[in-house]
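Visitor: If you scroll down you'll find the structure; I have some questions about it.
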Amino acid sequence: MFSRRLYSSSTRFLKEFMTTQEKGPVQLSIESKISQALNPSILEIVNESHMHAHHAAMKGVTSKETHFRVTVVSDEFQGKSLMQRHRVIYGLLNDELQNKGLHALSIKAKTPAELEKQ
366 MFSRRLYSSS TRFLKEFMTT QEKGPVQLSI ESKISQALNP SILEIVNESH MHAHHAAMKG
426 VTSKETHFRV TVVSDEFQGK SLMQRHRVIY GLLNDELQNK GLHALSIKAK TPAELEKQ
């Protein structure tokens, strides 16, 4: 009973933390670049950096914006393979990856038609 209550309260805390967390400059840049280039019908960007802060590669890194999960639904992906879609997104975010501390992206890139089929 105690562990269930603890899990419930920690889940509530995480949800509150994630919804109240302010967007940082890297997240705002990701949002802006993808929006301008791909005109997405859906764009979800989730900062998951806190889940990776303990990894060896993150030792000494002070940025709180290193790992993101990105979901993009855009007509611009029509006729492109999954690899091509990812290359488009990585190309848009090259500066963030090379110079702004962005370390990893988890990408879901779909067309509106593909989303409807799910």
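Each step along the sequence shown adds one to the number in our numbering, with nothing skipped, and position 42 is 407.
The beta carbon of each residue, even a glycine, is placed where N, CA and C say it ideally should be.
1) Of the choices 439, 392, 466, 468, whose alpha-carbon is the least far from that of residue 478?
2) What are the start and end residues of the alpha helix (DSSP H) that includes residue 464?
3) How should residue 405 be labelled, buried or exposed, when 16 other C-beta atoms within 10 angstroms of its C-beta is the threshold for buried?
4) Quick one: using the 10 Å Cβ neighbour count with 16 as the cut-off for buried, is residue 412 buried or exposed?
5) Report back the beta-carbon spacing between residue 473 and residue 436 to the nearest angstrom; my notes put them in contact at under 8 Å.
6) Give me the Cα-Cα distance between residue 465 and residue 391, rounded to the nearest whole angstrom.
7) Please classify residue 387: is it buried, with 16 or more other beta-carbons within 10 angstroms of its beta-carbon, or exposed?
8) Measure the C-alpha to C-alpha separation of residue 424 and residue 463 and round it to an integer number of angstroms.
9) Kindly list the residues whose CB is nearer than 6 Å to the CB of residue 443, restricted to its own chain and excluding five residues on each side of it in sequence; keep chain order.
10) Indicate the three-state DSSP secondary structure (helix, strand or coil) for residue 414 in the structure shown.
11) Going by other Cβ atoms of all chains shown within 10 Å of its Cβ, with 16 needed for buried, is residue 409 buried or exposed?
Guide: Reading it off the structure:
1) The residue given as residue 478 occupies position 113 in the sequence shown. Minimum Cα distance to residue 478 is reached at 439.
2) Stepping through the sequence shown from its first residue, residue 464 is reached at position 99. Here the alpha helix (DSSP H) through residue 464 covers 459-464.
3) Within the sequence shown, numbered from 1, the residue matching residue 405 stands at position 40. The residue is buried, with at least 16 neighbouring Cβ atoms inside 10 Å.
4) The sequence position of residue 412 within the sequence shown is 47, counting from 1. It counts as buried.
5) For the purposes of this step, residue 473 is identified with residue 108 of the sequence shown, where counting begins at 1. For the purposes of this step, residue 436 is identified with residue 71 of the sequence shown, where counting begins at 1. Residue 473 to residue 436, Cβ: 4 Å. Contact.
6) Position 100 of the sequence shown, counting from 1, holds the residue named residue 465. Position 26 of the sequence shown, counting from 1, holds the residue named residue 391. Rounded to the nearest angstrom, the two C-alpha atoms are 7 Å apart.
7) For the purposes of this step, residue 387 is taken as residue 22 along the sequence shown, with counting starting at 1. Label assigned to residue 387: exposed.
8) Mapped onto the sequence shown, residue 424 falls at position 59. Mapped onto the sequence shown, residue 463 falls at position 98. The pLDDT assigned to residue 424 is 49, lower than 50, so where the model puts this residue is not dependable, and the model offers no usable value.
9) As a first step, residue 443 is located in the sequence shown; it is residue number 78 there, counting from the start. Taken in chain order, the residues that qualify are 476.
10) Here residue 414 refers to the residue found at position 49 when the sequence shown is read from its first residue. Residue 414 falls in the helix class under three-state DSSP.
11) Counted from its first residue, the sequence shown places residue 409 at position 44. Counting Cβ neighbours within 10 Å, residue 409 comes out exposed, since fewer than 16 surround it.
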